[in-house]
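Below you'll find the structure, written out as structure tokens, and then a few comments.
Residue numbers (my numbering): 127 to 348.
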């Protein structure tokens, strides 16, 4: 697919990026072929499958840019497949890089910058959103509990019981939300640590390939 895009791309810089992505996918195929116990160099590339014929037709009529969003979604789906495969963890980072490169090339530099800024904004606003939702949940649940206790007492003549129920609900809700937030942050941190270890292992095992992936990312950014 990437060779077809490279052939129809008029920009030499982008054409070379597509060709390098093609070489990277060939290395992935060789990696899996070796995992299966076969000769890693004995790979037959398909050229006339329905998918390739469709891509060739679209590129000839409208250009490679019409295909890039579709390919970016395919790469994103492959990331999910690699996450579920133990033997695919070694290539997971490269698939993420491919999806990132295709997204940037499909959207263009300006929109890519907007997406990048939105991603940072989303990350910074996550804690604020969690705090607002937590406070809202705590206030609503405590208010409902206190109203229920007040309605359940005869004539509402037990203010001490109502206040005590509110304080108990406040403490219980605070502990519950704090525990949930701690577990969430801890799980996210463990995921990041695992990704860092995976990247470190890939840099040690395939330094040249990882360097090439970084070059492709920065070249796609312009």
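Even for Gly, the Cβ is constructed at its ideal location relative to N, Cα and C.
DSSP state of residue i mapped onto helix, strand, coil
i: residue 237; result: Model confidence at residue 237 stands at a pLDDT of 42, short of 50, so the residue's coordinates are unreliable and nothing is read from them.
i: residue 223; result: helix
i: residue 127; result: coil
i: residue 334; result: helix
i: residue 149; result: helix
i: residue 175; result: coil
i: residue 162; result: coil
i: residue 299; result: helix
i: residue 306; result: helix
i: residue 201; result: helix
i: residue 189; result: coil
i: residue 136; result: coil
When the options are compared against residue i, the one with the closest alpha-carbon
i: residue 191; options: 291, 325, 128 and 304; result: 128
i: residue 199; options: 187, 222 and 178; result: 222
i: residue 349; options: 161, 160, 164 and 156; result: With the chain represented from 127 up to 348, any question about residue 349 goes unanswered, as that position is not in the structure.
i: residue 288; options: 316, 310, 162 and 270; result: 270
i: residue 189; options: 173, 196, 135 and 292; result: 135
i: residue 143; options: 308, 314, 232 and 318; result: 232
Distance between residue j and residue i (C-alpha atoms, nearest Å)
i: residue 219; j: residue 228; result: 14 Å
i: residue 203; j: residue 285; result: 58 Å
i: residue 330; j: residue 340; result: 15 Å
i: residue 176; j: residue 311; result: 45 Å
Buried/exposed call for residue i, threshold 16 Cβ in 10 Å
i: residue 230; result: buried
i: residue 147; result: buried
i: residue 304; result: exposed
i: residue 327; result: exposed
i: residue 298; result: exposed
i: residue 194; result: buried
**Message:** Pairs of beta-carbons, one from the region 129-142 and one from the region 176-196, closer than 8 Å: are there three or more?
**Reply:** Taking 8 Å as the limit for Cβ pairs, the verdict is that the region 176-196 does touch the region 129-142.
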